[in-house]
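Report on the structure given below.
Number of protein chains: 2
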Amino acid sequence: MSGRIRNEAFKQKVMSAHDAAALVENGWNVGFSGFTGSGYPKVFPEALAAIIDAHHAKGEEFRIGVWTGASTAPELDGALARTGGISYRAPYQSDPEMRSAINTGVSYYQDIHLSHMGPQVSQGFLGHLNLAVVEATAITEDGDIVPSSSVGMNRTYLDHADKIIIEVNSWQSEDLFGMHDIYYPIGALPPNRVPLPIQNAGDRIGGKVLKVDADKVVAVIETNSADRNTPFKALDDDSRAIAGYFLDFLGNEVKAGRLPENLLPLQSGVGNIANAVLAGLLEGPFENLTSYTEVIQDGMVDLLDSGKLTVASATAFSLSPTAAEKMNDNAAHYRNKIVLRPQDVSNHPEAIRRMGVIACNGMIEADIYGNVNSTHVMGSRMQNGIGGSGDFTRNGWVSCFVTPSTAKGGAISCIVPMVNHVDHTEHDVQVLITEQGLADLRGLAPRQRAIKVIENCAHPDYREPLLEYVKLAEKKANGHHTPHDLATALGWHVRFLETGTMAL
Amino acid sequence: MSGRIRNEAFKQKVMSAHDAAALVENGWNVGFSGFTGSGYPKVFPEALAAIIDAHHAKGEEFRIGVWTGASTAPELDGALARTGGISYRAPYQSDPEMRSAINTGVSYYQDIHLSHMGPQVSQGFLGHLNLAVVEATAITEDGDIVPSSSVGMNRTYLDHADKIIIEVNSWQSEDLFGMHDIYYPIGALPPNRVPLPIQNAGDRIGGKVLKVDADKVVAVIETNSADRNTPFKALDDDSRAIAGYFLDFLGNEVKAGRLPENLLPLQSGVGNIANAVLAGLLEGPFENLTSYTEVIQDGMVDLLDSGKLTVASATAFSLSPTAAEKMNDNAAHYRNKIVLRPQDVSNHPEAIRRMGVIACNGMIEADIYGNVNSTHVMGSRMQNGIGGSGDFTRNGWVSCFVTPSTAKGGAISCIVPMVNHVDHTEHDVQVLITEQGLADLRGLAPRQRAIKVIENCAHPDYREPLLEYVKLAEKKANGHHTPHDLATALGWHVRFLETGTMAL
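If you're matching them up, the sequences are chains A and B in order. Numbering-wise (the working numbering), the first sequence opens with residue 1481 and increments by one. Numbering-wise (the working numbering), the second sequence opens with residue 1481 and increments by one.
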């Protein structure tokens, strides 16, 4: 044994992943730990997948509901999706196999704001939770759970599940102990909810561990396995250009007296553009920054190292293998600068609005009127999900969205007449940025936005067609607030589906 | 004089509406009081309209930005819109002349969440505020402003405007004094924002009056004029049926143990269906109810009278003339049961999520996947605006939307394949109700929602065509998460625009 299981009762429950997985019954809902590829159970899901396959091979029905924090990894989403045994999935995913199961109609997927998952589970909206499977760094003498590299939904699932399985992963550094901040009152149901006492990104308001009812624990599994972190791509010119426009915008807000010199807490989505923004901050003029976000990426760690960022609050890591090793080796150092919280705290509207978080998220496409699609490809196909972008966008000090102006080598314009799916409405979107430039939509009516978005953000190849759409729409529209020609508003997407390009 | 102006310095500033309006300059932004037809200035806007007309008659440019709490009345929106002199309007309107100015392209309109208007103004996103024109019940000896029948944006506008004009309306009951709860810390900018200390709908956390810098006051006008309240229509069968389904839903939630017996604080939109719900509660089984909402309507007063509702929190009245008279005669009685707050408190995400408000709002149409359009007619034409529906929908315990299943005598189906504009996304909509029935979408993926919405909510005449769309979409879609045929998704609206009906 690894020595990570320090409580006698829990030691008695150690078993193989296979034996633990055999406890699962057809039709169960299972709440797994895991958020952006970190802190998910490493061996239980594959063992469960083998059992599901065996049932299916015998012609027996075996399907489960899979709830997580957010995206996981091939060992969880991939392994289970491949069996065809996921009946329902929430609240976010990004695995190719899982995505395929959703888009072929094998699995139902409910795309839920990450801050809403906690309330929806505890209010009983998603049905009964039969089992929680949660990765831990260790189990203390008192039978408490030391979380690992993500917190996500763990508190909620451990509280609500009938049965609990813990995977204790000795790959995770023991020095993570003390980095987490587990705030229990967030789980209260109305009318017993109280103010969330966070006023600064680094405020610690809870305990270091997750509490479990030991009687509910049916198995403990020992693992020693790295999070499936993927390296970031080298920064490309588009990402650098987008980051540059964003940082200029922030600088101008400071000059105009609207932002303090150390800005306000930063949130940034996951991915290369977000990392480029962080890299830009590293070279930029801002000092004493803070971050209140979902995920700690490589660039955030570099910013902490530089001293430009004083504290980062999130619910999970999403690090490259190199950065993950560094985090593991230096967790005792970083735990004074990083707070990992449950996702219903990291993404809570109350904290985000109070602190005035600066929200910057990626998107698939925006339309000329400022509606944003974060989730769907050509109307029907799910990419990943809305994640926490809605939590930060609706409630932040300002909401920014970024994307290159084209995709598929120019065949797709990411600025379109009408988005094929709306995740963030015109009421919630304030700044759009592509490598072409930035459109500041604050204080503008739809017709004003259209011109600005086309001129500042659209790729030159698509500007003329967009302006022609505007002209046509103004001629055909039944009202001039948001001029649309509904017969052709989605025509660019239709053309792409028919011809492989939006270009005429 | 009416005796309502009890401060000497303010008495010195009394002048005619014409003289006060003559102080306004071309290009100014003016913040007016007024929310759902109550508490708006009664004579200043018409005097200003006359001055604008005179400028226009001389061929001179004269246009202003008009900011309010929400909708006002013909004496404000109507009078000013008619001049063509409104360059920009926010955050909500419902006046026929104003709507026409927006839809003919004369005025720019920005449709803003009512809870966002305060932060956007104070963060400087909407530009400079030159003047605030605010109705008051009285001015105290100390030079404080006693609000009238709405609070809305008044605190923000008085704090931020360069100059202030007060209309003291002796039609408003002096006994309104003490009904208002003006919480000043809500105006703080980050990083100085603090938790909003509301845990129950009736909590009083602020003072009774609005503070003004007397040096900024350039005019005081005396009026004696009723709010332009409109009588409610008699309840029709559709409204009664919708209210019935909603109340059954609440009853079932109580039975399932998900809601306490006295429910959670109720929010309801404005209009006949909302009033039918309130009428239904009057006859229903629930006791000790509370309300945390935007607007106090007739039905809410009846509920207070019955004792079934113990307290109602809002930002404004929206009463029939009869109920308004009753309120005026009995304000001393009602001020113990009604709290009128600034709209950035009445609609604050923090309070709404903490208390678990039950949100129920009207809509124009919903689509089969649960997206809701609250604002646009056939894609381009603005009806009223999103108002506070987003504030309550995103943050409430549950979010419900109601509409009759058809409009225009059946020519329009209010359940469509794809909404022509999205104000509330599929991530935010949980229950849809028409006179046909209720679709509980909690825990459902898009394809599951489609069947439920069609079967439970669509009008029988449109069910078959909707099911046919689903079949077609499943055949044509590039993915089966949200099957759409983008070429025909908006075809029902196109057909209506071309033929006057959505029916084939």
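Here a beta-carbon is modelled for each residue, glycine too, at the ideal position from N, C-alpha and C. From a predicted model like this one, the values you see are computed outputs, not experimental measurements.
Beta-carbon neighbours of residue i, restricted to chain A and to distances below 7 angstroms
{"i": "Q1679 of chain B", "result": "V1674"}
{"i": "S1856 of chain B", "result": "A small correction: the amino acid at residue 1856 of chain B is His; Ser does not occupy that position in the sequence shown. The answer, in chain order, is T1962."}
Closer than 9 angstroms at the beta carbon, the chain B residues around residue i
{"i": "L1744 of chain A", "result": "P1670 and P1671"}
{"i": "F1605 of chain A", "result": "R1738, V1878, Q1910, R1922 and G1923"}
Residue i - DSSP class collapsed to helix/strand/coil
{"i": "N1509 of chain A", "result": "strand"}
{"i": "P1711 of chain B", "result": "coil"}
{"i": "Q1600 of chain A", "result": "helix"}
{"i": "H1856 of chain A", "result": "strand"}
{"i": "I1987 of chain B", "result": "No answer is possible for residue 1987 of chain B: the residues shown for chain B start at 1481 and end at 1984."}
{"i": "V1878 of chain B", "result": "strand"}
{"i": "E1615 of chain A", "result": "strand"}
{"i": "A1938 of chain B", "result": "coil"}
{"i": "P1677 of chain A", "result": "coil"}
{"i": "I1423 of chain A", "result": "Because residue 1423 of chain A is not part of the residues shown, which for chain A are 1481 to 1984, the question remains open."}
{"i": "P1671 of chain A", "result": "coil"}
{"i": "F1657 of chain A", "result": "coil"}
{"i": "V1546 of chain A", "result": "strand"}
{"i": "V1825 of chain B", "result": "helix"}
{"i": "T1478 of chain B", "result": "No statement about residue 1478 of chain B is possible, as the shown extent of chain B runs from 1481 to 1984 and does not include it."}
{"i": "S1574 of chain A", "result": "coil"}
{"i": "F1490 of chain A", "result": "helix"}
{"i": "S1580 of chain A", "result": "helix"}
{"i": "N1900 of chain B", "result": "coil"}
Partners in chain B for residue i, counting only beta-carbon separations shorter than 7 angstroms
{"i": "E1541 of chain A", "result": "Those do not exist, as E1541 of chain A stays about 18 angstroms from chain B at its closest Cβ, beyond 7 angstroms."}
{"i": "T1548 of chain A", "result": "The premise fails here: T1548 of chain A is roughly 16 angstroms from chain B at the closest Cβ pair, so nothing lies under 7 angstroms."}
Under 8 angstroms from the C-beta of residue i: neighbouring residues of chain B
{"i": "I1685 of chain A", "result": "What I1685 of chain A touches in chain B: nothing, since even the nearest Cβ is about 11 angstroms away."}
{"i": "V1974 of chain A", "result": "L1966 and A1967"}
{"i": "M1862 of chain A", "result": "G1959, H1961 and T1962"}
{"i": "D1901 of chain A", "result": "Correcting the residue identity first, residue 1901 of chain A is His in this sequence and not Asp. Within chain B, the residues near H1901 of chain A are T1962."}
Proximal residues of chain A, C-beta to C-beta of residue i below 8 angstroms
{"i": "A1969 of chain B", "result": "G1859 and L1970"}
{"i": "L1977 of chain B", "result": "N1958 and L1966"}
{"i": "M1659 of chain B", "result": "The contacting residues do not exist; M1659 of chain B stays about 23 angstroms from chain A at best."}
{"i": "N1851 of chain B", "result": "V1902"}
C-beta atoms of residue i and residue j nearer than 8 angstroms
{"i": "W1497 of chain B", "j": "A1527 of chain B", "result": "Correcting the residue identity first, residue 1497 of chain B is Ala in this sequence and not Trp. For A1497 of chain B and A1527 of chain B, yes; Cβs fall inside 8 angstroms."}
{"i": "Y1962 of chain B", "j": "D1903 of chain B", "result": "Note on identity: in this sequence residue 1962 of chain B is Thr, with Tyr being the wrong assignment. Not in contact: T1962 of chain B and D1903 of chain B (Cβ atoms no closer than 8 angstroms)."}
{"i": "L1690 of chain A", "j": "D1624 of chain A", "result": "yes"}
{"i": "G1865 of chain A", "j": "H1960 of chain B", "result": "no"}
{"i": "N1900 of chain A", "j": "R1833 of chain A", "result": "no"}
{"i": "V1825 of chain B", "j": "I1644 of chain B", "result": "no"}
{"i": "L1820 of chain B", "j": "V1698 of chain B", "result": "no"}
{"i": "P1859 of chain B", "j": "L1966 of chain A", "result": "Strictly speaking, residue 1859 of chain B in this sequence is Gly, with Pro absent from that position. Yes; because the gap between Cβ atoms is below 8 angstroms, this pair is in contact."}
{"i": "T1617 of chain A", "j": "P1627 of chain A", "result": "yes"}
{"i": "R1569 of chain A", "j": "S1587 of chain A", "result": "yes"}
{"i": "V1700 of chain A", "j": "F1490 of chain A", "result": "yes"}
{"i": "L1638 of chain B", "j": "A1612 of chain B", "result": "yes"}
{"i": "G1517 of chain A", "j": "N1752 of chain A", "result": "no"}
Range covered by the beta strand (DSSP E) that runs through residue i
{"i": "A1792 of chain B", "result": "L1789 to A1794"}
{"i": "K1643 of chain A", "result": "K1643 to N1649"}
{"i": "D1920 of chain A", "result": "G1917 to D1920"}
Residue interval of the alpha helix (DSSP H) (run including residue i)
{"i": "R1720 of chain B", "result": "D1717 to K1735"}
{"i": "N1752 of chain B", "result": "N1752 to E1763"}
{"i": "P1801 of chain A", "result": "P1801 to D1809"}
{"i": "A1967 of chain A", "result": "Taken as a continuous stretch (DSSP letters only), A1967 of chain A belongs to no alpha helix (DSSP H), as it is neither H nor E."}
Cβ-heavy atom distance, residue i to the ligand PLP, below 7 angstroms
{"i": "H1907 of chain A", "result": "Summarising the ligand content, the structure contains no ligands, and the ligand PLP is consequently not present."}
Residues, ordered as in the chain, of the segment 1575 to 1597 of chain A that lie near chain B by beta-carbon distance below 7 angstroms: Within the segment 1575 to 1597 of chain A, I1582, N1583, T1584, G1585, Y1588, Y1589, Q1590, D1591, I1592 and H1593 place their CB atoms closer than 7 angstroms to a CB of chain B, listed in sequence order.
Cβ-based contacts, 8 angstroms cut-off: residues of the segment 1865 to 1877 of chain B near chain A: Answer in chain order: I1866, G1870, R1874, N1875 and W1877.
Residues within the segment 1903 to 1933 of chain A neighbouring chain B, beta-carbon criterion of under 9 angstroms: Only those residues of the segment 1903 to 1933 of chain A whose C-beta falls short of 9 angstroms from the nearest C-beta of chain B are listed: D1903, H1904, T1905, E1906, H1907, D1908, Q1910, R1922, G1923, L1924, A1925, P1926, R1927 and Q1928.
Selection of the segment 1825 to 1846 of chain A by Cβ proximity to chain B, strictly under 7 angstroms: For the segment 1825 to 1846 of chain A, which is checked against every Cβ of chain B, the residues closer than 7 angstroms are P1829, E1830, R1833, R1834, M1835 and G1836.
Members of the segment 1933 to 1965 of chain A that neighbour chain B once the beta carbon cut-off is set at 7 angstroms: Residues passing the 7 angstroms Cβ filter: A1957, N1958, G1959, H1960, H1961, T1962, P1963 and H1964.
Cβ-based contacts, 8 angstroms cut-off: residues of the segment 1766 to 1792 of chain B near chain A: Answer in chain order: no residues at all.
Contact list for the segment 1494 to 1519 of chain A against chain B, Cβ threshold 7 angstroms: Near chain B, meaning a CB-to-CB distance below 7 angstroms, no residue of the segment 1494 to 1519 of chain A qualifies.
Near-chain A residues of the segment 1631 to 1654 of chain B (beta-carbon distance less than 9 angstroms), N- to C-terminal order: The residues in question: there are none.
Residues within the segment 1606 to 1620 of chain B neighbouring chain A, beta-carbon criterion of under 8 angstroms: For the segment 1606 to 1620 of chain B, the beta-carbon criterion of a distance under 8 angstroms to any beta-carbon of chain A is satisfied by L1606 and G1607.
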